[in-house]
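Novice: Sharing a structure here in structure tokens format.
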Amino acid sequence: MSIKRLAILDDYQGVALSMGPWDRLKGVEVTVFRDTLTDREALAQRLSPFDAILAMRERTPFPRALIERLPNLRLLVTTAARNRSIDAAACAEKGIVFCGTPSYGDPTVDITWGLIIGLMRDLPRQEAALRKGLWQTSVGWGLEGRTLGVVGLGKLGGRVAKVGQAFGMKVIAWSQNLTEERAAETGATRVDKATLFEQADVVTLHLILSDRSRGIVGAEDLARMKRSAFIVNTSRGPLIDQPALVAALAEGRIAGAGIDVFDIEPLPSGHPLLAAPNTFLTPHLGYVTQQNYRAYYEGCVEAIEGFNAGAPVRVIAP
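Here it is, written out as structure tokens:
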């Protein structure tokens, strides 16, 4: 039986219908939801009529308890190639086809460097001061000769490291499984964790969130940082102990933080980071580009076409 009803979730910007080739889906009713429901009962009631769902990244998790409340669901598509907030095993057990889409990973590198440069040259405050009629109210740091500490030297971390070298920075790196060979491939020097936090002028995080990496940057690590150093996180919010970060910023024990990802998203009003000093905050923009969205939505159409033809594409196994 072909897919008849598709729910597109968490379309924050209201662009989903204009960025995908939905006209290829003849006979499919497409419904777009722009808000995020966190109440599981309300979410189950909203989604229970649909036989196909497109989840935008990890904005709405799909644990087993939710999947089991969706009796009509036959195809679950996530944007990009993986989604740790969806229980793939539960999908398989219920006979739900779980698919991914194409994506572009590099935009996160762009945001990382936007935050780093913005912090080191004090751009957000300088721009705000200029609009108030002030001129050159602080003195920032240049990148050349500074030390970049990369936590996690995978695909994204490796690209960030190479950009740092292009700026004339010394690059050091650490992760639990980092080898000398991998560090050498990217031109970085492998160091231990304590050394990285002690020596880096900028610490940038590029790890996958897991039980092992959750809270991997804690109060002890932040205490090792120079008072003139910055920390940047464009990976996942819970990699950093949030209360410890807020305390370090409030007490001036680090120079500042550039944060694109948060422990709660969308970030609620009153979140402590919103009031923390010396921060450059962006609303999880690392993957939010025209190229990515168009790839996501075309990939969803391809997933539905493949399902209807009995040949699912980009299936994600448990």
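Under our numbering, think of the first position of the sequence shown as 1327, with each following residue one higher.
For each residue, glycine too, the CB sits at the ideal point set by N, CA and C.
Source: prediction; values computed, not measured.
1) Comparing the CB of residue 1524 with every heavy atom of the ligand MN, is any distance shorter than 6 Å?
2) Give the single residue among 1588, 1548 and 1594 whose Cα lies nearest to the Cα of residue 1577.
3) From residue 1346 to residue 1335, what does the alpha carbon distance come to, in whole angstroms?
4) Residue 1370 and residue 1392 look like a contact to me (Cβ under 8 Å); what is the Cβ gap, rounded to whole Å?
5) Assuming residue 1496 is part of the beta strand (DSSP E), what are its boundary residues?
6) My output table needs one value for residue 1559: the three-state DSSP class, helix, strand or coil.
7) Leaving out five residues before and five after residue 1600 in sequence, what residues of the same chain have Cβ atoms less than 8 Å from its Cβ?
8) Identify every run of the beta strand (DSSP E) within the stretch 1562-1629, keeping only runs that are complete inside it and at least 3 residues long; order them along the chain.
9) Check each candidate in 1474, 1372 and 1537 and name the one with the smallest Cα separation from residue 1516.
10) So is residue 1456 buried or exposed if we call it buried at 16+ other beta carbons inside 10 Å?
11) Which value, in whole angstroms, describes the spacing of the CA atoms of residue 1444 and residue 1365?
12) Leaving aside the five residues before and after residue 1450 along the sequence, list all residues of the same chain whose C-beta is less than 8 Å from its C-beta, in chain order.
13) For residue 1517, name the three-state secondary structure that DSSP assigns.
14) Among 1561, 1401 and 1522, whose alpha-carbon lies nearest the alpha-carbon of residue 1535?
15) Which word fits residue 1327, buried or exposed, when buried means at least 16 other C-beta atoms lie within 10 angstroms of its C-beta?
16) Pull up the distance between the alpha-carbon of residue 1520 and that of residue 1550, whole angstroms please.
17) Let's test the definition: count the other Cβ atoms within 10 Å of the Cβ of residue 1448 and tell me whether it reaches 16, buried, or not, exposed.
18) Using the three-state DSSP reduction, which class does residue 1275 fall into: helix, strand or coil?
19) Need the endpoints of the beta strand (DSSP E) that residue 1531 sits in, please.
20) Would a C-beta distance cut-off of 7 Å place residue 1621 and residue 1428 closer than the cut-off?
21) What number of angstroms, rounded off, separates the C-alpha of residue 1362 from the C-alpha of residue 1368?
22) On the premise that residue 1442 lies in contact with residue 1584, defined as a C-beta separation below 8 Å, what is that separation, rounded to the nearest angstrom?
23) Tell me which residues share the same chain as residue 1340 and place their Cβ nearer than 7 Å to its Cβ, disregarding the 5 neighbours each side in the sequence.
24) With a CB to CB cut of under 6 Å and the five nearest residues on each side skipped, what residues in its chain are close to residue 1492?
25) Leaving out five residues before and five after residue 1472 in sequence, what residues of the same chain have Cβ atoms less than 8 Å from its Cβ?
26) Would you mind reading off the limits of the alpha helix (DSSP H) that contains residue 1484?
27) Identify, in the order they occur along the chain, each residue of the same chain with its Cβ nearer than 6 Å to the Cβ of residue 1619, setting aside the five sequence neighbours on each side.
28) Taking the alpha-carbon of residue 1609 as reference, which of 1590, 1625 and 1603 has the nearest alpha-carbon?
29) According to DSSP, simplified to helix, strand and coil, what is residue 1475?
30) Between residue 1553 and residue 1579, what straight-line distance do the alpha-carbon atoms span, to the nearest angstrom?
31) Beta-carbon within less than 6 Å of residue 1332's beta-carbon, same chain only, minus the 5 sequence neighbours each way: which residues are those?
32) If you draw a straight line from the alpha carbon of residue 1642 to that of residue 1463, how long is it in whole angstroms?
Specialist: Reading from the atomic positions:
1) Looking at this structure, you won't find the ligand MN or any other ligand, since it has none at all.
2) To locate residue 1577, count along the sequence shown from 1; it is residue 251. Nearest option by C-alpha distance: 1548.
3) Residue 1346 sits at position 20 when you count from the first residue of the sequence shown. Residue 1335 sits at position 9 when you count from the first residue of the sequence shown. Cα-Cα distance, rounded: 14 Å.
4) Reading the sequence shown from its first residue, position 44 is the one you call residue 1370. Reading the sequence shown from its first residue, position 66 is the one you call residue 1392. Sure, about 6 Å apart at Cβ, within 8 Å.
5) Numbered from 1 along the sequence shown, position 170 holds the residue referred to as residue 1496. Looking at the DSSP string, the run of the beta strand (DSSP E) that includes residue 1496 is 1496-1500.
6) Counting from one through the sequence shown, the residue named residue 1559 turns up at place 233. Three-state result, residue 1559: strand.
7) Residue numbering aside, residue 1600 sits at position 274 when the sequence shown is read from its first letter. Only residues of its own chain outside the window of five on either side were considered, and among them 1593 and 1607 have a CB closer than 8 Å to the CB of residue 1600, listed in chain order.
8) Within the stretch 1562-1629, the runs of beta strand (DSSP E) at least 3 residues long that lie entirely inside it are, in chain order, 1582-1585 and 1605-1607.
9) Within the sequence shown, the letter at position 190 stands for residue 1516. Relative to the Cα of residue 1516, the nearest Cα in the group 1474, 1372 and 1537 belongs to 1474.
10) Within the sequence shown, numbered from 1, the residue matching residue 1456 stands at position 130. Using a 10 angstroms sphere on the CB of residue 1456, the tally of other CB atoms stays under 16, which defines it as exposed.
11) As a position in the sequence shown, residue 1444 is number 118, starting the count at 1. As a position in the sequence shown, residue 1365 is number 39, starting the count at 1. The straight-line gap from Cα to Cα measures roughly 37 Å.
12) Your numbering for residue 1450 matches position 124 in the sequence shown. Result list for residue 1450: 1444 and 1606, in chain order.
13) Residue numbering aside, residue 1517 sits at position 191 when the sequence shown is read from its first letter. For residue 1517, the three-state secondary structure derived from DSSP is coil.
14) Position 209 of the sequence shown, counting from 1, holds the residue named residue 1535. Checked all of 1561, 1401 and 1522; the closest Cα to residue 1535 is 1561.
15) On the sequence shown, position 1 is the one that residue 1327 refers to. Within 10 angstroms of the beta-carbon of residue 1327 lie fewer than 16 other beta-carbons, which makes it exposed.
16) As a first step, residue 1520 is located in the sequence shown; it is residue number 194 there, counting from the start. As a first step, residue 1550 is located in the sequence shown; it is residue number 224 there, counting from the start. Cα atoms of residue 1520 and residue 1550: separation of roughly 7 Å, rounded to the nearest angstrom.
17) The count along the sequence shown starts at 1 and reaches residue 1448 at position 122. Buried, because 16 or more other Cβ atoms sit within 10 Å of the Cβ of residue 1448.
18) Here the chain has residues from 1327 to 1644 only, and residue 1275 is not among them.
19) Position 205 of the sequence shown holds residue 1531. Where residue 1531 is concerned, the enclosing beta strand (DSSP E) starts and stops at 1528-1531.
20) Position 295 of the sequence shown, counting from 1, holds the residue named residue 1621. Position 102 of the sequence shown, counting from 1, holds the residue named residue 1428. Yes, these two residues count as a Cβ contact at 7 Å.
21) Within the sequence shown, numbered from 1, the residue matching residue 1362 stands at position 36. Within the sequence shown, numbered from 1, the residue matching residue 1368 stands at position 42. For residue 1362 and residue 1368, the distance between alpha carbons rounds to 11 Å.
22) Within the sequence shown, residue 1584 is the residue found at index 258, counting from 1. Within the sequence shown, residue 1442 is the residue found at index 116, counting from 1. The C-beta distance from residue 1584 to residue 1442 rounds to 7 Å, short enough to fall under 8 Å.
23) Residue mapping note: residue 1340 aligns to position 14 of the sequence shown, counting from 1. Cβ neighbours of residue 1340 beyond the five flanking positions: 1360.
24) Counting from 1 along the sequence shown, the entry for residue 1492 is found at position 166. Taken in chain order, the list of residues that qualify is empty.
25) As a first step, residue 1472 is located in the sequence shown; it is residue number 146 there, counting from the start. Within the same chain, residue 1472 has close Cβ partners 1446, 1495, 1496, 1527 and 1528.
26) Taking the sequence shown and counting its residues from 1, one reaches residue 1484 at position 158. Per DSSP, residue 1484 belongs to the alpha helix (DSSP H) from 1481-1492.
27) Locating residue 1619 in the sequence shown gives position 293, where the first residue counts as 1. Around residue 1619: 1345.
28) Position 283 of the sequence shown, counting from 1, holds the residue named residue 1609. Comparing Cα positions, the closest option is 1590.
29) Looking up residue 1475 in the sequence shown gives position 149. In this structure, residue 1475 counts as strand in the three-state DSSP scheme.
30) In the sequence shown, residue 1553 corresponds to position 227, counting from 1. In the sequence shown, residue 1579 corresponds to position 253, counting from 1. If I take the Cα positions, the gap works out to 5 Å.
31) The count along the sequence shown starts at 1 and reaches residue 1332 at position 6. Correct list, in chain order: 1354, 1356 and 1378.
32) Looking up residue 1642 in the sequence shown gives position 316. Looking up residue 1463 in the sequence shown gives position 137. Whole-angstrom Cα-Cα distance: 52 Å.
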